[in-house]
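Taking it in order: structure first as structure tokens, then the write-up.
Put into structure tokens, the structure is as follows:
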């Protein structure tokens with residue numbers, strides 16, 4: 001299957017992040033269901049990037065928060081997380097003895113590209129991932 005055989009770009013899937021803490025296990029299960037046509041590795045990458053960006057929005061951002069997932073075509077999937085904080089995300093340094101501060105380091109290694117788009121109130125932190133199709137897509 002080549003890039004022209006990709007499913008057409010769809011409307012973004014939007015999740016309002018309204019709970020006091022993120023429901024990450026439920027979100028990871030949902031991602032597996034929604035993107036069941038992707039390879040296992042791609043689904044795992046999407047889960048990891050969503051977990052890191054949503055966690056950062058809760059740890060460092062301000063309410064309201066929003067998650068958007070959108071297929072861009074050509075095998076690209078875009079993850080966007082909005083929050084109302086004007087603070088710039090910081091690409092930390094990963095150290096063996098640290099248990100925190102690795103989120104954007106992980107995103108930086110997995111994503112084809114990532115960045116920040118400033119909004120009137122707050123920002124959108126986004127990452128684009130190259131995703132392969134699973135075997136079910138070829139059946």
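Residue numbers (UniProt numbering): 1 to 139.
C-beta atoms are modelled at their ideal positions from N, C-alpha and C, and glycine is treated no differently.
These figures come from a predicted structure and were not determined experimentally.
| Asked | Found |
| --- | --- |
| Do residue 63 and residue 84 have their C-beta atoms closer together than 8 Å? | yes |
| Is the beta carbon of residue 50 sitting closer than 8 Å to the one on residue 32? | no |
| If you draw a straight line from the alpha carbon of residue 134 to that of residue 38, how long is it in whole angstroms? | 5 Å |
| Nearest to residue 128 by CA position, among 35, 14, 45 and 103, is which residue? | 45 |
| If you draw a straight line from the alpha carbon of residue 66 to that of residue 115, how long is it in whole angstroms? | 16 Å |
| Please name the residue in 77, 22 and 18 whose C-alpha comes closest to that of residue 126. | 77 |
| Quick one: grab the DSSP three-state call for residue 87. | coil |
| According to DSSP, is residue 72 part of a helix, a strand, or is it coil? | strand |
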